[in-house]
Amino acid sequence: DEVSKNAEFLIRGGFIHKEMAGVYSYLPLGFRVVKKIENIIRDEMNTVGGQEILMPSFHPKENWEKTGRWDSMTDLYKVSDSSGREVALAPTHEEIVVPILKNYVSSYKDFPIAVYQIQNKFRMELRAKSGMLRGREFLMKDMYSFHTSQEDFEIFYNKMKEVYKNIFKRVGIGHLTYLTFASGGTFSKYSHEFQTITGAGEDTIYIDEESAVAVNKEVYNDEVLESLGLKKEKLVENKSIEVGNIFDLKTKYSEPFDLSYVDEKGEKHIVLMGCYGIGLSRLMGTVVEALADDKGIIWPESIAPFQLHLLSLGDDENVTKEASDVYEKLLKNGIEVLFDDRAGMSAGEKFADADLLGIPHRAVVSLRSIKENGIELKKRTEEKGKIVTLDELLSLLKPKA
RNA sequence: CGGGCUGUAGUAUACCGGUAGUACACGUGCUUUGGGAGCAUGUAGACUGGGUUCGAUUCCCAGCAGCCCGACCA
Numbered sequence: 001d002e003v004s005k006n007a008e009f010l011i012r013g014g015f016i017h018k019e020m021a022g023v024y025s026y027l028p029l030g031f032r033v034v035k036k037i038e039n040i041i042r043d044e045m046n047t048v049g050g051q052e053i054l055m056p057s058f059h060p061k062e063n064w065e066k067t068g069r070w071d072s073m074t075d076l077y078k079v080s081d082s083s084g085r086e087v088a089l090a091p092t093h094e095e096i097v098v099p100i101l102k103n104y105v106s107s108y109k110d111f112p113i114a115v116y117q118i119q120n121k122f123r124m125e126l127r128a129k130s131g132m133l134r135g136r137e138f139l140m141k142d143m144y145s146f147h148t149s150q151e152d153f154e155i156f157y158n159k160m161k162e163v164y165k166n167i168f169k170r171v172g173i174g175h176l177t178y179l180t181f182a183s184g185g186t187f188s189k190y191s192h193e194f195q196t197i198t199g200a201g202e203d204t205i206y207i208d209e210e211s212a213v214a215v216n217k218e219v220y221n222d223e224v225l226e227s228l229g230l231k232k233e234k235l236v237e238n239k240s241i242e243v244g245n246i247f248d249l250k251t252k253y254s255e256p257f258d259l260s261y262v263d264e265k266g267e268k269h270i271v272l273m274g275c276y277g278i279g280l281s282r283l284m285g286t287v288v289e290a291l292a293d294d295k296g297i298i299w300p301e302s303i304a305p306f307q308l309h310l311l312s313l314g315d316d317e318n319v320t321k322e323a324s325d326v327y328e329k330l331l332k333n334g335i336e337v338l339f340d341d342r343a344g345m346s347a348g349e350k351f352a353d354a355d356l357l358g359i360p361h362r363a364v365v366s367l368r369s370i371k372e373n374g375i376e377l378k379k380r381t382e383e384k385g386k387i388v389t390l391d392e393l394l395s396l397l398k399p400k401a
């Protein structure tokens, strides 16, 4: 009963399984996609000196009372155990990461520092919807940076803008994703979002193509436009989905926990912070929404669950044997290949499934391909395939050293 | 949380106040094999609780769940 494209294709293709509204399991195919996205994000986080950690999902109530968000955050899950003790199910981790830092950081010499994690988050959305785009439990990368000066923060923040652009480029939606001026929500007055154009988007943004920046409708007014130097007439309205967000937190969360350091002169100062989020599960859904066609998903090579979808057509003995041989050789050469060796399936069924799954390359072994002394290779985005030799196939797909 | 719609097999659905039919999927056998194959055969189903009734899957009420719109929202 799902209507949204990402939910329909991902569920039908067996990438995910819905447990309840806004809560999904990742099945083998979907988990491989998530892992690929995760690796790209991890790689990019490490380029700015991010250190990966893993924090808990159960948070002490006191920490959330300290920042006032126990009462003010409407989408906070509060759970209690049999003794009546209440804890928060984490929607974000300022309340945990700040006290951690307080324990280990005290001198200006310790800065700057940035930590991140990739972990499930919980938000009591009043209405979960659109498949992977708005869940109640979802996978997210959250990074927190700590600084001794606004200048230092801004250097890092600007680096993060570039890092985020790289990430969206690497997962295949760079051309559709815009740095967007937006409201800061519960974090700060303003923030920067990364918005990807798709008809399924929940946000409306106004894009200035020339500078490749946009303004979210929620802060779209004359004052904001002027401060950003944007001309109203040049802006184009689009539906979009928020795939990332970066915030200038200043001392909003360091202050309540008295996260401070001493400078060269022995004077105490409050630490400045930034935070940087990307929803991995939403990103996966967004890629499907943005790139799929009417037959199914089209994965970019960088995050496809497999590089190659190998089909054997017909139950002829020679075909079955040849296909298995090809499969073994591909595996030996380190190629990620999904082998459709299902017996008794018609060609059309296998083709249709291949289109639905959206693996970038499709290789067919059949009586026809054997007669032509090769393997038929076709891209998901192409109509017609061509016959190639195994060596040609290997050299095309072999992972670059 | 307000509004709308909907809950029947793994999925999609049909009929019905007298205990459910079809398609796909799945199992088995045979045939078939380049764009969602065929025959045979088998397995499998009324969200929960109350009410009305001789009898409820069907009608009524409540709850729960899902989708959509809105409000809300890194």
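Each residue of the first sequence is one higher than the one before, starting from 1 at the first, in the working numbering. We put the beta carbon where it would ideally sit given N, CA and C, even for glycine.
Which one or two residues does DSSP pair with residue i in a beta bridge?
i, result
"residue 193", "180 and 245"
"residue 338", "309"
"residue 59", "88"
"residue 279", "140"
"residue 368", "Its beta-bridge partners do not exist; DSSP assigns none."
"residue 215", "181 and 206"
"residue 129", "134"
"residue 145", "114 and 274"
"residue 445", "The shown model of the chain, from 1 to 401, leaves out residue 445, and the question about it has no answer."
Hey, residue i and residue j are a contact pair by Cβ (cut 8 Å); roughly how many whole angstroms apart?
i, j, result
"residue 108", "residue 258", "Between residue 258 and residue 108 the Cβ distance is about 16 Å, and since that is not below 8 Å, they are no contact."
"residue 50", "residue 115", "7 Å"
"residue 192", "residue 246", "5 Å"
"residue 404", "residue 330", "Nothing can be reported for residue 404, as the shown portion of the chain is limited to 1 through 401."
"residue 326", "residue 313", "With a Cβ gap of about 13 Å, residue 326 and residue 313 do not count as contacting."
"residue 188", "residue 252", "7 Å"
"residue 190", "residue 214", "Not confirmed; about 14 Å, so no contact."
Helix, strand or coil for residue i, going by three-state DSSP, please let me know.
i, result
"residue 157", "helix"
"residue 28", "helix"
"residue 45", "helix"
"residue 295", "coil"
"residue 306", "coil"
"residue 402", "Only positions 1 to 401 of the chain appear in the structure, and residue 402 is not among them; the question remains open."
"residue 300", "coil"
"residue 10", "helix"
"residue 121", "strand"
"residue 377", "strand"
"residue 111", "coil"
"residue 270", "strand"
"residue 134", "strand"
"residue 255", "coil"
"residue 18", "strand"
"residue 220", "coil"
"residue 386", "strand"
"residue 237", "strand"
"residue 204", "strand"
"residue 23", "strand"
"residue 319", "helix"
"residue 328", "helix"
"residue 343", "coil"
For residue i, which residues from the same chain have a beta carbon less than 8 Å from its beta carbon, with the 5 sequence-adjacent residues on both sides left out?
i, result
"residue 75", "91, 123, 124, 125 and 126"
"residue 96", "55, 56, 59, 63 and 90"
"residue 36", "302, 303, 304 and 305"
"residue 274", "144, 145, 147, 153, 156, 157, 160, 246, 247, 248 and 249"
"residue 220", "206"
"residue 84", "none"
"residue 290", "173, 176, 196, 197 and 198"
"residue 48", "114, 156, 159, 160 and 163"
Spatial neighbours of residue i within its chain, please: CB distance less than 7 Å, with the 5 preceding and 5 following residues excluded, ordered by chain position.
i, result
"residue 316", "367"
"residue 237", "204 and 206"
"residue 260", "268, 269, 270 and 271"
"residue 319", "312, 313, 365, 366, 367 and 370"
"residue 18", "11 and 24"
"residue 392", "none"
"residue 240", "195, 196, 197, 198, 201, 203 and 205"
I'd like the list of long-range same chain contacts for residue i, defined as Cβ closer than 6 Å, with 5 residues on each side in sequence excluded.
i, result
"residue 409", "Shown here, the chain extends from 1 to 401; a query on residue 409 therefore has no answer."
"residue 300", "172"
"residue 218", "183"
"residue 86", "61, 78 and 80"
"residue 354", "309 and 362"
"residue 339", "310 and 327"
"residue 33", "284, 303 and 305"
**Message:** Count Cβ pairs between the stretch 187–204 and the stretch 274–289 that sit closer than 8 Å; are there 3 or more?
**Reply:** Judged by pairs of C-beta atoms under 8 Å, the stretch 187–204 touches the stretch 274–289, as three or more such pairs exist.
**Asked** Using 8 Å as the threshold, is the stretch 160–167 in touch with the stretch 16–36, meaning 3 or more CB pairs across them?
**Response** No, the stretch 160–167 does not touch the stretch 16–36.
**Message:** With three or more beta-carbon pairs closer than 8 Å as the criterion, would you say the stretch 330–337 touches the stretch 302–309?
**Reply:** Contact between the stretch 330–337 and the stretch 302–309 is present: 3 or more CB-CB pairs across the two stretches fall below 8 Å.
**Message:** With three or more beta-carbon pairs closer than 8 Å as the criterion, would you say the stretch 131–145 touches the stretch 4–16?
**Reply:** Flag = yes, the stretch 131–145 and the stretch 4–16 touch.
**Stretch-stretch touch, CB-based, cutoff 8 Å, three pairs: the stretch 32–45 with the stretch 134–149** = The stretch 32–45, when compared against the stretch 134–149, does touch it at the 8 Å Cβ threshold.
**Prompt:** Between the stretch 338–351 and the stretch 380–390, do three or more beta carbon pairs fall short of 8 Å?
**Reply:** Because the criterion of three Cβ pairs below 8 Å is not met, the stretch 338–351 and the stretch 380–390 do not touch.
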